[in-house]
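Residue numbers (the UniProt record's numbering): 1 to 264.
Given below as structure tokens:
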């Protein structure tokens, strides 16, 4: 059985999604693989995730796939896995999918949201899931800058290819991606600012550095023309630094309808 699951997790205590070498800390993939093994009579299954979130990054819409070595209904998988997973990782749904379906390679887009708490005083209840910026931000300017990000272009100014550190994938590695949506918005009379991005794929560190650069625009320390130049040059040497990881959340992964079906 090829099983797909929708996963939600608080990434605060994890070293990211991807399994690390022993002794490097807990990961979401590691927690999931351990849980699957426990409810599969010890059989090990490799978990593949749609997005390899960094240390401290959260997810409300992560999707994983794994090969099940025991036959169980989706409802049984759901109850069994949630019974043994840590309370910071939750399985939201389970379904059997065709063998060709792969959480990462079948995806057509991923969506991330970066949450900013923009107020003089910090917040206690949202502190694990939002970045506190006490300086006044011009969200309209930030949203105008986001328009420059939409389309197919080289995003090398904000990240690097995930294959860069993989010796099995010799370079050069492309930093070209297609941004389908980019926007910053503040709900009326609210301290929260949401930075939303949807793309076919993202570079490692891309969203956090885009947000860090947009924060300079919002503080009027960087004008729109300078932001446009940064995007066009696709060079990493610019004043925008990566925003902290705890404000970032993988909120949705989209797939073509046909990959869910056994027909074909």
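The beta carbon of each residue, even a glycine, is placed where N, CA and C say it ideally should be.
Nothing here was measured: the structure is a model prediction, and the numbers come from that model.
Taking the beta strand (DSSP E) that residue 29 belongs to, which residues open and close that run? Taking the first residue of the chain shown as 1, we reach residue 29 at position 29. Annotation: residue 29 is outside any beta strand (DSSP E); the continuous alpha helix (DSSP H) that includes it extends over 28–38.
Bridge partners - residue 176, DSSP secondary structure assignment: Within the chain shown, residue 176 is the residue found at index 176, counting from 1. For residue 176, DSSP records a beta bridge to 154.
Unbroken beta strand (DSSP E) run spanning residue 126, endpoints: Taking the chain shown and counting its residues from 1, the one referred to as residue 126 is at position 126. No beta strand (DSSP E) contains residue 126, which DSSP labels as neither H nor E.
Using C-beta distances below 7 Å, list every residue in its chain close to residue 183, excluding the 5 sequence neighbours before and after it, in chain order. One-based indexing of the chain shown puts residue 183 at position 183. The residues are 143, 146, 196.
State the Cα-Cα distance for the pair residue 335 and residue 118, rounded to the nearest angstrom. Not covered by the structure: residue 335. The range shown for the chain is 1 to 264.
Own chain residues within Cβ distance below 6 Å of residue 241, not counting five before or after: As a working note, residue 241 is residue 241 in the chain shown. Cβ contact annotation for residue 241 (same chain, cutoff 6 Å, sequence separation greater than five): 212, in chain order.
Per-residue burial, residue 113 [other beta carbons within 10 Å of its own, 16 or more giving buried]: By 1-based counting over the chain shown, the position of residue 113 is 113. Answer is buried; the Cβ neighbour count reaches 16.
Can you tell me whether residue 264 is buried or exposed, with buried defined as 16 or more other CB within 10 angstroms of its CB? On the chain shown, position 264 is the one that residue 264 refers to. Low local confidence applies: a pLDDT of 42 at residue 264 is under 50, so the model's placement there is unreliable, and no value is given.
Going by alpha carbons, who is nearest to residue 138 out of 159, 92, 191? Taking the chain shown and counting its residues from 1, the one referred to as residue 138 is at position 138. Comparing C-alpha distances from residue 138 to each of 159, 92, 191 shows the shortest one belongs to 191.
Would the beta-carbon of residue 216 fall within 7 Å of that of residue 224? Sequence index remark: in the chain shown, residue 216 carries index 216 (1-based). Sequence index remark: in the chain shown, residue 224 carries index 224 (1-based). No Cβ-Cβ contact shorter than 7 Å links residue 216 with residue 224.
Per-residue DSSP class, three states only, for residue 257: One-based indexing of the chain shown puts residue 257 at position 257. Three-state DSSP puts residue 257 in a helix.
Using 10 angstroms around the beta-carbon of residue 266, count the other beta-carbons present and answer buried if the total reaches 16, otherwise exposed. In the structure displayed, the chain extends from 1 to 264; residue 266 sits before or after that span and is not available.
Are the region 44–62 and the region 239–256 touching by the rule of at least three beta carbon pairs closer than 8 Å? At 8 Å Cβ cutoff, the stretches touch.
Three-state secondary structure assigned by DSSP to residue 97: For this step, residue 97 is matched to residue 97 along the chain shown. Secondary structure at residue 97: strand, using DSSP grouped into helix, strand and coil.
If the criterion is Cβ atoms closer than 7 Å, does the pair residue 231 and residue 111 meet it? Within the chain shown, numbered from 1, the residue matching residue 231 stands at position 231. Within the chain shown, numbered from 1, the residue matching residue 111 stands at position 111. Contact: no.
Kindly indicate which three-state DSSP category residue 237 falls into: helix, strand or coil? As a first step, residue 237 must be located in the chain shown, where it is residue number 237. Here DSSP, grouped into helix, strand and coil, assigns residue 237 to coil.
Let me check understanding here. Comparing Cα to Cα, which of 32, 90, 76, 36 lies closest to residue 10? The residue you call residue 10 lines up with position 10 of the chain shown. The residue with the shortest Cα to Cα distance from residue 10 is 90.
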